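I have placed the structure first, in the form of structure tokens, so that the comments after it can refer back to it.
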Amino acid sequence: MAPKRRRSSTAEQDVSIAKRTRTRDPNDHLSSLSDELLIRILHLLPITTLLQCQLLSHRLYRLSSDAQIWKNLYYNRFVLPRALRIPGIRHPSKREDLHFSSRKSKWLDEASLVERKDGGKTNWKRQYKLRHNWSIGACEVQEIRVKDGRLNPGMLVKLAEGVVVTADREDGLRAWNLKGKGLIARMGLGEEDVPTCLAVDEQESDWLGIAVGFDDGGWGIWKLDVAGKVFVNAYRHPASNNGTLGAVAYGFPYALTITEGQLLSLYSFAPAPLSDETPAEDEDDGEGGEQPATMSGEQATSAPAPNVPPQNDKLPQPRLLASLKSHTSWPPLSLSIRTTPNTLIASIAYSLPTYLSGYTVGLQELHLSLPTGLMTFSRLTSALPQGFSSILSSSPPSPSRSGSSTPTNSALSAWNGVVGTSSPRAIENTRPTTLSYSHPYILATHPDNTLTLYLCTSTSTNLSISPGTKLWGHTSEVSAAEITPRGKAVSVSLRGEELRVWELEGGRVASASTSSRFKSVISGKGLEKSVIVRGSNREFEGELDADEGDEGRRKKSRELERYEEEVEASKRWVGFDDEMVIVLKESGRGTQALMVYDFT
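Residue numbering for the sequence shown follows the working numbering, beginning at 3 and increasing consecutively.
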């Protein structure tokens with residue numbers, strides 16, 4: 003065997019390892035530039051080129067993610083177009099505050115992104131991506147099973163601060179974390195308590211206020227400690243012989259309820275003035291007509307306490323501020339509580355039959371003075387057109403319940419009247435299935451595949467509702483919709499997975515520019531007022547290959563069951579926040595699930 007080679011002596015000088023000389027590309031003109039200059043260059047690039055630059059190097063990825071770059075892009079795409087629609091701006095090119103600047107830009111109601119209350123900094127790149135996903139309907143869909151087995155049709159759902167609150171007779175109150183996709187809190191209700199309506203107050207950051215109405219006329223207030231993951235029973239109003247509660251609104255310290263018999267009651271948890279020695283009676287003592295409601299003897303005569311919840315978990319006995327009985331409101335109903343610097347406004351939106359052109363909507367407001375605690379006046383209005391409508395006048399037919407809700411040629415003249423005339427003739431409306439009221443918008447859904455948008459105007463001297471504007475696009479009955487005060491809305495069809503996002507700020511669908519867009523609908527191009535969001539596509543192939551075997555047949559059998567369940571499933575409720583849309587899905591087999599559409 004050949005001898006091994008001896009190791010090199012440690013005394014020998016180490017041989018240096020030769021490395022390849024790093025050379026610079028003669029066409030590279032960026033590496034020598036400073037970060038400040040590169041950011042200025044990236045600031046001028048279109049977003050597609052900016053995204054491509056992120057793939058070139060770690061340095062460009064870091065610089066192209068600069069907050070000021072994405073803040074500028076966000077402002078120019080999502081804020082500036084809204085600012086330019088503000089009435090009175092005739093020369094936008096001369097307005098310095100309409101051009102992006104860290105200090106002078108007009109951010110409208112999105113100023114909270116610039117100066118956050120928690121002291122944090124907004125991730126503008128993430129915020130841009132979020133709004134972009136909303137604009138094109140791109141999202142991730144997940145499903146949270148909330149009930150298996152026997153169907154419970156009485157489940158109520160609300161979404162607030164990334165938490166879904168559900169209420170039903172069997173499982174009581176439950177709270178679900180959308181980020182963790184899990185149950186965070188649960189509390190049972192009484193054995194005889196059947197919840198009929200639900201409202202959530204999200205004024206406080208540490209906890210959620212929850213109001214639940216019951217079929218026996220009673221109602222209660224609970225607090226959800228989000229961090230502690232626990233429900234706390236704050237107040238329980240006894241049952242009443244006035245009937246089942248149909249709707250409730252809650253914004254501490256005020257609660258607004260209405261029974262199915264149309265008895266409206268407004269309560270306050272603020273401490274009673276010193277002159278009041280007895281607690282408020284139940285709503286039996288406060289009943290008025292449709293005219294401005296009268297105050298009961300126990301009502302406040304001095305300023306209420308500040309809008310601050312008590313330190314302990316229990317709420318004091320509420321005071322009945324006002325109560326009235328309506329004879330002209332029909333379900334569905336929507337309640338609202340909002341405040342101005344000196345006034346509390348409690349509102350009820352309701353459907354109203356016209357007997358000539360189907361249904362319209364009405365609105366009633368109760369105004370209470372915050373300094374005195376006294377109700378100043380009550381007023382009502384409706385979306386009925388002004389003047390006399392002949393019973394012999396012909397009305398265009400409503401769209402068919404089957405197929406797409408794209409308007410037909412027979413409805414073109416009616417739509418042009420809505421858009422272009424000063425005294426429009428509304429298209430005949432079927433009875434609304436749901437109403438969503440967030441001032442100044444009322445959004446009604448109909449079983450004929452359409453929605454109707456109304457714009458409310460409320461001043462110190464006047465209350466009015468604009469004629470309804472039809473929204474087309476759904477291909478089946480619209481079961482639920484929700485709209486925000488900014489005009490953003492989400493609607494869902496009863497069957498299938500059709501979910502649509504609408505941008506309706508300012509009631510722009512009723513503007514004169516809509517006429518040409520309507521004509522594009524007739525030609526098949528569609529009305530570009532909504533973005534369709536579809537769930538995860540579950541492909542099912544009905545044919546079986548002969549050589550698939552038992553395992554393949556079982557797999558396709560499971561796919562068939564899921565497909566049939568999806569077809570049979572109905573969507574009963576929809577809600578959304580800045581990042582997600584939640585849909586309550588009920589199948590004929592007794593399964594209830596929350597469909598989570600995550601746009602982040």
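Where a beta carbon is used, it is the ideal one built from N, C-alpha and C, also for glycine.
Note that the coordinates shown come from a computational prediction; the quantities given were computed from them, not determined experimentally.
With 16 other CB atoms within 10 Å as the buried threshold, where does residue i fall?
i	result
Ala-69	exposed
Thr-342	exposed
Ser-267	buried
His-60	exposed
Gln-594	buried
Ala-385	buried
Thr-602	exposed
Ser-336	buried
Gly-230	exposed
Arg-87	exposed
Leu-53	exposed
Ala-446	buried
Thr-362	buried
Output yes if chain C places a C-beta closer than 8 Å to the C-beta of residue i; else output no.
i	result
Cys-458	Absent from the structure is chain C; it holds one protein chain and no more.
I think residue i touches residue j, with their Cβ atoms under 8 Å apart; what is that distance to the nearest whole Å?
i	j	result
Ala-241	Gly-220	4 Å
Val-167	Ile-223	Not a contact, Cβ separation roughly 13 Å.
Val-535	Gly-139	4 Å
Phe-130	Trp-72	In the sequence under discussion, the amino acid at residue 130 is Tyr, which differs from the Phe named in the question. About 5 Å; that satisfies the 8 Å criterion.
Lys-573	Ala-483	Their Cβ separation, rounded to whole angstroms, is 11 Å, which puts Lys-573 and Ala-483 out of contact at 8 Å.
Met-189	Leu-586	Wrong, their Cβ atoms sit about 20 Å apart, outside the cutoff.
Pro-603	Ala-169	Because the chain is modelled from 3 through 602, residue 603 falls outside the range shown and cannot be assessed.
Val-143	Ala-201	Actually they are not in contact, since the Cβ atoms of Val-143 and Ala-201 sit about 27 Å apart, beyond 8 Å.
Leu-596	Ile-146	4 Å
His-441	Ser-325	So it is not a contact: roughly 22 Å between Cβ atoms.
Ser-605	Thr-345	Outside the modelled stretch of the chain, which goes from 3 to 602, sits residue 605, for which no answer is possible.
Asn-78	His-45	At roughly 11 Å, the Cβ-Cβ gap does not stay under 8 Å, so Asn-78 and His-45 are not in contact.
What are the start and end residues of the alpha helix (DSSP H) that includes residue i?
i	result
Gln-205	First-last for Gln-205: undefined, no H or E at that position.
Asp-37	37-45
His-60	60-66
Ser-137	126-138
Asp-70	According to the sequence shown, residue 70 is Gln rather than Asp. It spans 69-76 - the alpha helix (DSSP H) in which Gln-70 sits, taken as one unbroken run.
Just the Cα atoms here: how many angstroms apart are residue i and residue j?
i	j	result
Arg-540	Thr-259	Because Arg-540 carries a pLDDT of 39, less than 50, the predicted location of this residue cannot be relied on, and the following value inherits that uncertainty. Those two C-alpha atoms are separated by around 42 Å.
Thr-261	Gly-245	6 Å
Thr-452	Thr-124	37 Å
Asp-30	Leu-39	15 Å
Asp-218	Trp-109	47 Å
Arg-128	Thr-50	16 Å
Tyr-443	Arg-42	42 Å
Leu-376	Ser-270	12 Å
Arg-321	Pro-48	59 Å
Lys-181	Asp-600	10 Å
Tyr-656	Ser-33	Since the first and last residues shown for the chain are 3 and 602, residue 656 lies out of range.
Ser-353	Glu-117	40 Å
Phe-216	Gly-164	25 Å
Thr-435	Pro-449	7 Å
Ser-462	Pro-487	19 Å
Pro-28	Gln-56	22 Å
Gln-366	Cys-458	11 Å
Indicate the three-state DSSP secondary structure (helix, strand or coil) for residue i in the structure shown.
i	result
Ser-589	coil
Ile-49	helix
Ile-88	coil
Glu-112	helix
Pro-355	strand
Leu-596	strand
Val-533	strand
Ala-512	Legend: pLDDT at Ala-512 = 37, less than 50; position of this residue unreliable, no value from coordinates given.
Glu-499	coil
Leu-258	strand
Val-228	coil
Val-234	strand
Ile-386	According to the sequence as given, residue 386 is Leu; it is not Ile. Coil.
Arg-519	Bear in mind that the predicted position of Arg-519 carries a pLDDT of just 42, short of 50, making it unreliable; the figure below should be weighed with that in mind. DSSP places Arg-519 in helix when its eight states are reduced to three.
Arg-176	strand
Would you kindly report the start and end of the unbroken beta strand (DSSP E) that includes residue i?
i	result
Pro-469	Per DSSP, Pro-469 belongs to no beta strand (DSSP E) and is neither H nor E.
Gln-144	142-149
Ile-186	184-189
Pro-334	332-341
Gly-164	Unbroken run through Gly-164: none, as it is neither H nor E.
Asn-29	Counting along the chain, Asn-29 falls outside any beta strand (DSSP E), and DSSP gives it neither H nor E.
Ser-242	Taken as a continuous stretch (DSSP letters only), Ser-242 belongs to no beta strand (DSSP E), as it is neither H nor E.
Pro-323	Looking at the sequence provided, one finds Leu at residue 323 rather than Pro. That run of the beta strand (DSSP E) goes 321-327.
Gln-366	361-371
Lys-123	Looking at the DSSP string, Lys-123 is not in any beta strand (DSSP E), and its letter there is neither H nor E.
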